[in-house]
Structure formats: C-alpha cells, structure tokens
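Novice: Here you go, one structure.
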Ligand code: BG6
C-alpha cells in the first residue's frame, strides 16, 4: 500500500532485508572487486544484511574458498569509497564468501552450483532465496540464464532473481533477443537490468527535488526552460578496457543507458505514487517520447570524437589508438554529443544536449537547466545581459544543486552580476552517501525494482540512438579529432552554436 507521502514508503525505507545468497557470475572480474564486494561488505558493516547472508563467486579460474577470500580482502579495503575497513566485520563477511570455478557453458557447473546452494542454505539459513548476478562477458548472459534454467535453480523454495549488468545488448535487435532468452527462464518481474546511474544519490535526488517541492515544477516546461545540458565528463582514458571499448564507444557506453536515464528522470511526468511500477512507467513513457532522428538529421544533431595523444602537465598521454588492446586504426567514438528532442506537450521544441567523453579536462557530471531570459531588460546595458538563469544539478563530484541568477553589484548605479545559491550534500547532511551499488544491491535483495531499468526502457533508448549508430558506422570524421585533456571536437560546439547556444564552461 502506498502511504500518503510517496517518499515515505515503509518497505523502501525500513529496509527489512531478507536472508539470501548472491551468486556472482564473473567473480574474478573487475566489477566484483571494485564495486560489488565493497558494496556488500559496506552493507554488512552497516548491519543492513541478515547474518546468514552468503556470496558464491563463480568464474573460470581455479581457486578455493579461502583463496578467493584472501584475493578479495585487499581490493575490498581499497575500493571502499570513504568508509573504514573493519577487520572484525571483514572476518564475518569473509565467512559467508564462497567460490566455485566453472565454465558458464558447462552444465556440470550448474549441477555443482545447485549442490553448493543446498549446502549453504542448510548451514547459513538463507531460506532458499538467491540473487543471481550476471557480470560476465555480455555474450554469456543468455547462456548463463539457460544453464540456471536447465539445472532447475532458476526456481526454488525461496525467491530467485536475476541482475544483469550493462550493456544490455549492443543494439535494439540484440537487446530484444537477449530479453527473450532471459524470459524463457525468469519472469520479467524477476529480471533486474542494472543502470548504476539510477542508484546514485544525486540522480535519485532529482525526483525528490522535482516532486517533493512545489516551486520548481511550474517552471519545468517549454514555456520557461530554454534548453537542458547533460554532461558526463571523465578525465581517465579507457583504463585497460580498450578491447571492450573499441567495440562499444561512448554513445553505447554512456548515452544509450546512463545519460538517457538521467534525461528521463529530468523530463518525466510526476508519477502518482512512488511504487516501482508507477515511476518506471513514467520514465519509460518519456524515453518513448524522444524523437527518433532520420538518418539525414544525424549530421546536424550528433558529433563523434576520438582522443589523440597529448602532453598534459608534462606527461605524455597516449591517444585512444595507442591504448592497450585498441587497434591502431580503431574507428570508434570516445566522445559523443547529441541533441535530443522530446515530442510531448511539456518539452516540444526544447533541445536536450548530452555530451560525454573520455580524457576530457576533468571528471564532472552535471545537468544544467537553462531558463529563458527575462522578457524585457529594464536595466538596459547595465547588467550582464548574457548570463542566463541556470539551475545546476551536480551528480559528481561535489554533489549538490546551484541556482544562478543576477544580483545587484554593491555600490553606485545598477550593475548586475551573476551569483549563485548553493546546496552541498557534504555540508548539509554531513554523512556519507551510499554508493550506487549498495543502493541497487539492497533494492534487488528486497525485490524493489524502482531504480532498475525495464525492457521497454532499454528498447526505447536503443531506438533513440540507433540512427546515430547506423550513420556513424559508415561515416566517421577523421579520427583522432580532439586532443586528450580538451573538451572534445569543435564540431560539438558548432552543434550548439547553430541553435544559438554554447556548452557551459565547467
Ligand atoms: C560505466 C562505463 O558504465 O560507467 C564506464 O562503462 C564509465 O566507461 C562509468 O567510466 C562511469 O561511471 P561513474 O559512476 O564513474 O560516473
């Protein structure tokens, strides 16, 4: 039952966490040590997990339970994002860590997993609840689901759920095919497609900001909003993920999933309740309203970039084509900027500019909402007439919200200057925010899919980017077209300039 205040749903906030086993496929991979286990450890530290909680890691490398525990100790303590590592908590946590080597394509691995799960259920009293987490190569997702189905462990005495890491498909067709395969084994309501951006506190706060306050919503439409800029800049390169990245590219890696979800959160209609179905329906509706470009419109509305080598702060930085695992003539984008439009009454004609890239000058993710200028300037030339009102939602780092407006400069005359009203998470709350993976893992264990994407959303966002992918496959600019450490190719600035806009200098 929804409560009167949609943001105080007891199920979501009391966090009564059922006992369960989390089975991680791809346990020897990067995600497990950098994100999943640190998040689970932290949840244990905060006593959010039940005492009988267990993890079974599976991958091909041969290791004993103890070797796995030893191997994970160091990365867990290293990647704990500003929280302390407690030796006693680790000991308790490690007792619930188990490992099995096995090949995803080998039926024997699932028979062994079934036996292991039965044993763990007895010793740790997990009630037969299992959360399967697919974090292998994406080409193995369907194989793993089929293996679980054939071994009879996709169903059981407790609940069984499947979390699927991104990327969910590499285009619309493959995303649909994957979904069908998963649904042969799991009910759609038990499939949790993860998009870690939706788990970020600052992205969740967009909903609180928009729908918990009365003052912004009247302005939140085409009458007052001039355009929206969404930026997710990274200063790092491809960090040893060259082989994956040269197949994926920035548009697929960041825009199709994370940034379109952020855009949907900014632009969606208010949902009547905070029920999982209701919020996801509104997000999905918005994603379906994104105008799908015709191929002739792609050139005007989408810009691809790839970084070349540069010297930054006295150090030589390699170009993308010089990174490990990347072909010397790789033709994929490491930068992408796109202009989207939403075809509905609220947003008709308002451009949503999205940009993302590797090796940009800094790591920063934000949404800037630019409002229309005052209709008439009573201050004539005395003000800074070029500074628009801006609302900036800062996703990371320095999480917070700023409102920029003009103010009278002290002294004689009527000179205006832009100033800022700021809210900072750190100083306002003074407590650590949970990482996106902590939030999302806990949600999946509790059966709350609000912050997970759904197949219709995944398909709508593939639909929105597919025309661009098609055009880029055949026509690419001369790569590299921006130097590492700069804000992307000039064509990206030109894309905005054609509509009289400019990227915000961050
Ligand atoms: C991942 C992408 O999904 O998100 C990475 O595959 C990217 O390429 C990362 O670096 C960014 O996440 P965050 O949380 O650091 O902004």
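In the numbering used here, the protein residues as written are 707 to 1212.
Every residue, glycine too, gets a C-beta built ideally from N, C-alpha and C.
(1) Please name the residue in 1151, 754 and 1211 whose C-alpha comes closest to that of residue 835.
(2) Would you tell me roughly how many angstroms separate the C-alpha atoms of residue 714 and residue 1153, rounded to the nearest one?
(3) Determine the direct distance from the alpha carbon of residue 781 to that of residue 1141, and round the result to whole angstroms.
(4) How far does the alpha helix (DSSP H) with residue 879 in it extend, from its first residue to its last?
(5) What's the C-alpha gap between residue 1130 and residue 1106?
(6) Of the choices 917, 938, 1016 and 993, whose alpha-carbon is the least far from that of residue 979?
(7) By a C-beta neighbour count over all protein chains shown, 10 Å radius and 16 as the cutoff for buried, is residue 772 buried or exposed?
(8) Hey, residue 891 and residue 914: beta-carbon distance below 8 Å or not?
(9) Would DSSP call residue 844 helix, strand or coil?
(10) Buried or exposed: where does residue 1103 fall if 16 or more other Cβ atoms within 10 Å of its Cβ makes it buried?
(11) Out of 889, 759 and 878, state which residue places its alpha-carbon closest to the alpha-carbon of residue 828.
(12) Alpha carbon to alpha carbon, how far is residue 1128 from residue 1112? Give it in angstroms, no decimals.
(13) Is it the case that the Cβ atoms of residue 931 and residue 1077 are separated by a distance below 8 Å?
(14) For residue 1114, which three-state DSSP category applies?
(15) Of the residues 911, 1145, 901 and 1050, which one's Cα is nearest the Cα of residue 747?
(16) Can you give, in chain order, each stretch of the beta strand (DSSP E) that sits fully within the stretch 722-778 and has at least 3 residues?
(17) Tell me the start and end of each unbroken beta strand (DSSP E) in the stretch 994-1033 that is at least 3 residues and wholly inside, in chain order.
(18) Is the separation between the beta-carbon of residue 1071 and that of residue 1101 shorter than 8 Å?
(19) Which same chain residues, not among the five before or five after residue 1172, have their C-beta less than 7 Å away from its C-beta?
(20) Taking 8 Å as the threshold, find out whether the stretch 1153-1164 comes into contact with the stretch 970-988 through three or more Cβ pairs.
(21) For residue 800, name the three-state secondary structure that DSSP assigns.
Specialist: Reading off the structure:
(1) Minimum Cα distance to residue 835 is reached at 1151.
(2) Any reading at residue 714 is ruled out, since the residue's pLDDT is 46, under 50, leaving its predicted position unreliable.
(3) 16 Å
(4) Residues 878-889.
(5) C-alpha separation (whole angstroms): 4 Å.
(6) 917
(7) Around the beta carbon of residue 772, a 10 Å sphere encloses fewer than 16 other beta carbons of the protein chains shown; the residue is thus reported as exposed.
(8) Not in contact: residue 891 and residue 914 (Cβ atoms no closer than 8 Å).
(9) helix
(10) Exposed, because fewer than 16 other Cβ atoms sit within 10 Å of the Cβ of residue 1103.
(11) Looking only at 889, 759 and 878, the smallest Cα-Cα distance to residue 828 is reached by 759.
(12) 14 Å
(13) yes
(14) strand
(15) 1145
(16) 727-731 and 760-765
(17) 1008-1011, 1016-1018 and 1021-1023
(18) yes
(19) Within the same chain, residue 1172 has close Cβ partners 877 and 878.
(20) yes
(21) helix
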